[in-house]
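Asks: As you go down the protein sequences, you meet chains A and B in turn. Start counting the first sequence at 1; every next residue gets the next number (the UniProt record's numbering). Start counting the second sequence at 1; every next residue gets the next number (the UniProt record's numbering).
Number of protein chains: 2
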Amino acid sequence: MRLLILSLLFTSTLAWFYGRDEPDRWSVGGVWPLPQKIIYGSKNRTLTYDKIGIDLGDKKDCDILLSMADSYMNKWLFPFPVEMKTGGTEDFIITVTVKEECPGGPPVHGASEEYLLRVSLSEAVINAQTVWGALRAMETLSQLVFYDQKSQEYQIRTAEIFDKPRFPVRGIMIDSSRHFLSVNVIKRQLEIMSMNKLNVLHWHLVDSESFPYTSVKFPELHGVGAYTARHVYSREDIADIIAFARLRGIRVIPEFDLPGHTSSWRGRKGFLTECFDEKGEETFLPNLVDPMNEANFDFISEFLEEVTETFPDQFLHLGGDEVSDYIVECWVRNKKIRKFMEEKGFGNDTVLLENYFFEKLYAIVEKLKLKRKPIFWQEVFDNNIPDPNSVIHIWKGNTHEEIYEQVKNITSQNFPVIVSACWYLNYIKYGADWRDEIKGTAPSNSRPRASAAAERLWSPAEKTQRAEDAWPRMHELRCRLVSRGYRIQPNNNPDYCPFEFDEPPATKSEL
Amino acid sequence: MRLLILSLLFTSTLAWFYGRDEPDRWSVGGVWPLPQKIIYGSKNRTLTYDKIGIDLGDKKDCDILLSMADSYMNKWLFPFPVEMKTGGTEDFIITVTVKEECPGGPPVHGASEEYLLRVSLSEAVINAQTVWGALRAMETLSQLVFYDQKSQEYQIRTAEIFDKPRFPVRGIMIDSSRHFLSVNVIKRQLEIMSMNKLNVLHWHLVDSESFPYTSVKFPELHGVGAYTARHVYSREDIADIIAFARLRGIRVIPEFDLPGHTSSWRGRKGFLTECFDEKGEETFLPNLVDPMNEANFDFISEFLEEVTETFPDQFLHLGGDEVSDYIVECWVRNKKIRKFMEEKGFGNDTVLLENYFFEKLYAIVEKLKLKRKPIFWQEVFDNNIPDPNSVIHIWKGNTHEEIYEQVKNITSQNFPVIVSACWYLNYIKYGADWRDEIKGTAPSNSRPRASAAAERLWSPAEKTQRAEDAWPRMHELRCRLVSRGYRIQPNNNPDYCPFEFDEPPATKSEL
């Protein structure tokens, strides 16, 4: 017996060294993010394409469930480039039971994503309160499916699973102003988000550099502010993205950042203040809203009415970050602004002028026909007075301790928070960088990745402490996503997937 | 006049700030890498698909030129996703004149890549010594073509160009051992290399982790050493890659690293020594060749005979790096090796045993039926005695000064060098990292990228000193490559391409 144990230990070391697979180092039918509770059965069952079916019960007309059934049956359940066997087994029906009605809109904040999933040798049963829970359950079920190299068959692990997310907002922010992302590229993000059970697309639509949002009421905004007439999201594009996200259980929260980061709004005459350099020369780089011009608030009001008609989500991100970066140039050195401040009794205190702007903005939001909960970046809490109804979005902090301190401080004043400070996905580096965050020192120097973040946001904290424990499942996740057609970089040092990424040399772009 | 200049300055600042285009900040018909001499004409000419033709003169049967004509006519000359206009202009014939015969094999070391290219309003004329020069000229010509947004027409800039590379070896190393790369993925690299006028694929085929090379004589090597039976390059795959590279003017230099980094050769019984940990227990992690076993040299000889029949390039990379990393484990702690060293009179000096191995390896290379020039990593120069016929490959050095010092030292002893130390393309980071290398402090902390390296290796040093000057052309290059179907990340801070990358959501992998 002792010999056997030794031999296993050696195998394990070898496996690690050579980057090879081995049962406890590479999951088979592992689920990412880790469910709240999962008990695997001891047996697996073979799946063949013509014997598998999905029964949607009394929800056979629900477009969300129909789209789900189609995607999983035709793409995600059997993603590997192998011949699919047919026949040879009993039927395997996935019965989906959802309590609540099929919603006409996207998920609302806090909607249940809870589900029960039982996979036996004869069937699979999904029970969920909402269609969103059913979507999460189906993704989990698809991750219990694996391709067995020996028998050359698809198999599914038997399991009993209870699951629900740790946090209600699990999002990714995309910035379509600094670099325009095509509708298809955004859809690819949404698809892969749903495979990681992420449920919020925070769409930072507009920034200083460009204005790709197409307003019907104010076409001069994108007319002047977009990079080119081709670099815009048409009304149809936006509706298409929201609908595509909804079918995958994802909310789209738009951001229109005010009063800074606004250069690209310059199509609207009089919206921005004149800005000046140290010598008093005009810089022609306006980046702050002109708070003196009362017409600007009427415009913002009309503009946001249109935005709320465009984006159904009950949250509306209104930015508020880095105003101070432009205050000297655009407010302090601007004589008209200084005069206005004196008239209002603000003296030299630009914070009072900021507050003046924000109070008028809160009043606009308050009066919107379609009610919205505003989100602001943390500066509005740090420097100003947030509307009591606001959500505060934390993006600063160099250590976990600093970030926790901020969370404590802001939530103790009864503001809900969204924390982005520790998840800068654009900070990339050489190697298996997703592991680094776990060490937990300086977040701004650490490099998590979206799947790693997705697990921290969904799964129980106590079960997801060590990168070492996570990697066998993450490796399997990566390989599954690669086979699903997504270019996911290796997440470990030397290793391989059963089926590696493949793509023919480029041909001429399609019209 | 002063007002006009000021206004231009302001426009320039604005353009920079907003990431927008502007004539002197974003090239139109710019060439990357920069030619030795280029004089643009003042006029451009419209190109329409049915009026353009390529005349290969007396080389109409040359497969390399036929493949070139097909690729450029059908893909690379007109890559943008726009309707192609026809008619409306006079014929525009590209006449290609090549002096030397069409070669049956890939480029040989030092083969001329020089060309003359003249583009007038009525025609284009390419003159080259070799087909390789013609390939480079055609890529240059394709980069003079641009899509004019105003007229919605393809146009070509008129120009007179004399060009040739600064260095004869301009390569990229791929490692298909630590992560297996599919044949298609390698072909995509080759395609994009040719668009950057790179001419060497250094194929690091085999390493400790896996052995994807399929030997006919010794199938046990990949049989045991490949990750799986799917993770191999068949004989046909290798021939396919070499042929694909040849058509694009690229040599393929294979590397078989000896005597270290050899774990994956373990399919060959007796090839590796036993290795031991501090306690004298066998580690089962052999990574060094057994130099005592005379049969191993017969095997290496037979194996390399096959390699030279497989890879036509006259260079053969035989590694030699990081032997010292395993010497204690696999030689010093190995009693049989110690005994052998005593017998040979090496005492405790493992360097003498290394030399013994290398001398026998040189003798094998010397006797190869197909003559090959060996390349060794720098340790063979630093620690041992390289064969006088060797090329030394520099990969160490923390500063430019250190690297230059090594180049001086090694070349002063009459060894040609390949320098990789300052071009670690796998060191990536956030942002426009290709610029950093220009600052020229610590190469291992800097982050160049392949296109940046390609220009440094091709273009005159004195004309390519500043990243600031390079970026307008690099930006145009990136946008062209994106339109050609390659996912090139933005190389600047906020910016845009006329046509952004687009790709539909993934569908099921093809069989």
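We put the beta carbon where it would ideally sit given N, CA and C, even for glycine. The model shown is predicted, which means the values in this text are computed figures rather than measured ones.
Could you tell me if Thr86/B is buried or exposed, where buried requires 16 or more neighbouring beta carbons within 10 angstroms of its beta carbon?
Replies: exposed
Asks: Which term fits Ile39/A, buried or exposed, when burial requires 16 or more other beta carbons within 10 angstroms of its beta carbon?
Replies: exposed
Asks: Can you check which of these residues, Lys217/B, Pro254/B, Arg136/B, Leu247/B, is closest to Asn196/B by C-alpha distance?
Replies: Arg136/B
Asks: If you compare alpha carbons, which of Glu160/B, Pro165/B, Ser142/B, Lys164/B is closest to Tyr154/B?
Replies: Comparing Cα positions, the closest option is Ser142/B.
Asks: By the criterion of Cβ-Cβ separation under 9 Å, what are the contact partners of Ile174/A in chain B?
Replies: Ordered by position in chain B, no residue passes the 9 Å Cβ test against Ile174/A, which lies about 13 Å from the chain.
Asks: Can you list the residues of chain B that His231/A reaches, using a CB-CB cut of under 7 Å?
Replies: Tyr496
Asks: Closer than 8 Å is the cut-off here; do at least three beta carbon pairs connect the segment 166 to 183 of chain B with the segment 488 to 495 of chain A?
Replies: yes
Asks: Going by Cα to Cα distance, which pick from Pro35/A, Pro79/A, Phe244/A is closest to Val185/A?
Replies: Among Pro35/A, Pro79/A, Phe244/A, the Cα nearest to that of Val185/A is on Phe244/A.
Asks: Can you give me the start and stop residues for the alpha helix (DSSP H) that Ala295/A sits inside?
Replies: Where Ala295/A is concerned, the enclosing alpha helix (DSSP H) stretches over 294 to 310.
Asks: Compute the distance between the beta-carbons of Ala506/B and Gly485/A, then report whether it is under 7 Å.
Replies: Less than 7 Å divides the Cβ of Ala506/B from the Cβ of Gly485/A.
Asks: Can you pull the chain B neighbours of Ile428/A, defined as C-beta to C-beta under 8 Å?
Replies: Ile428, Lys429, Tyr430
Asks: Please classify Pro219/A: is it buried, with 16 or more other beta-carbons within 10 angstroms of its beta-carbon, or exposed?
Replies: exposed
Asks: Assign Ala229/A to buried or exposed, taking buried as 16 or more other Cβ atoms, counted over all protein chains shown, within 10 Å of its Cβ.
Replies: exposed
Asks: Count Cβ pairs between the segment 201 to 219 of chain A and the segment 458 to 471 of chain A that sit closer than 8 Å; are there 3 or more?
Replies: The answer is no - the segment 458 to 471 of chain A does not touch the segment 201 to 219 of chain A, with fewer than three Cβ pairs under 8 Å.
Asks: Interface residues of chain B around Gly30/A at Cβ under 7 Å?
Replies: Result: empty, since nearest Cβ-Cβ is about 19 Å, beyond 7 Å.
Asks: Against chain A, with Cβ distances strictly below 7 Å, would Pro286/B count as a contact?
Replies: no
Asks: What alpha helix (DSSP H) runs, 4 residues minimum, are completely inside the segment 223 to 262 of chain A?
Replies: For the alpha helix (DSSP H) assignment, the uninterrupted runs of no fewer than 4 residues enclosed by the segment 223 to 262 of chain A are, from N- to C-terminal side, 235 to 246.
Asks: How about Ser194/A: is its C-beta nearer than 7 Å to some C-beta of chain B?
Replies: Chain B contact via Cβ: absent.
Asks: Can you name the start and end residues of the beta strand (DSSP E) that Val119/A belongs to?
Replies: 115 to 119
Asks: Can you pull the chain B neighbours of Asn184/A, defined as C-beta to C-beta under 7 Å?
Replies: Asp502, Glu503, Pro504, Pro505
Asks: Under the rule that 16 or more other beta-carbon atoms within 10 Å means buried, what is Ala363/A, buried or exposed?
Replies: exposed
Asks: Would you say Pro490/A faces chain B, with C-beta separation under 7 Å as the test?
Replies: yes
Asks: Let me see if you follow: with CB-CB separation under 7 Å, is Glu209/B close to chain A or not?
Replies: Yes - at least one Cβ of chain A is within 7 Å of the one on Glu209/B.
Asks: So which of Asp63/A, Thr46/A, Lys99/A has the shortest CA-CA distance to Gly88/A?
Replies: The residue with the shortest Cα to Cα distance from Gly88/A is Thr46/A.
Asks: Could you please tell me which residues of the segment 342 to 363 of chain B, in chain order, have their CB closer than 9 Å to any CB of chain A?
Replies: Of all residues in the segment 342 to 363 of chain B, none has a C-beta nearer than 9 Å to a C-beta of chain A.
Asks: So, under 8 Å CB-CB, Tyr356/A and Lys373/A are touching, yes? Tell me the CB distance rounded to an integer number of Å.
Replies: Contact doesn't hold; Cβ gap of about 22 Å is too wide.
Asks: Is there at least one Cβ from chain B nearer than 7 Å to Phe146/A's Cβ?
Replies: no
Asks: Does His261/B come within less than 7 Å of chain A when only Cβ atoms are used?
Replies: no
Asks: Taking Glu366/B as the reference, which of Pro165/B, Asn334/B, Ile428/B, Leu316/B has the closest Cα?
Replies: Leu316/B
Asks: Work out the CA separation of Thr214/B and Tyr147/A for me, nearest whole Å.
Replies: 25 Å
Asks: Could you give the distance in angstroms between the alpha-carbon of Cys102/A and the alpha-carbon of Leu370/A?
Replies: Each residue's Cα considered, the two are about 22 Å apart.
Asks: Can you list, in chain order, the residues of the segment 214 to 230 of chain B whose Cβ is nearer than 8 Å to any Cβ on chain E?
Replies: The displayed structure is made up of protein chains A and B, and chain E is not among them.
Asks: Is it the case that the segment 324 to 336 of chain B contacts the segment 265 to 278 of chain B, given that we only count it when at least three CB pairs across the two stretches are under 8 Å?
Replies: yes
Asks: Using three-state DSSP, classify Asn196/B as helix, strand or coil.
Replies: coil
Asks: Tell me, please, whether the CB atom of Lys269/B is closer than 7 Å to any CB atom in chain A?
Replies: No, Lys269/B does not count as interfacial toward chain A.
Asks: In three-state DSSP terms, what is residue 537/B?
Replies: In this structure chain B extends from 1 to 511, so residue 537/B is not present and cannot be described.
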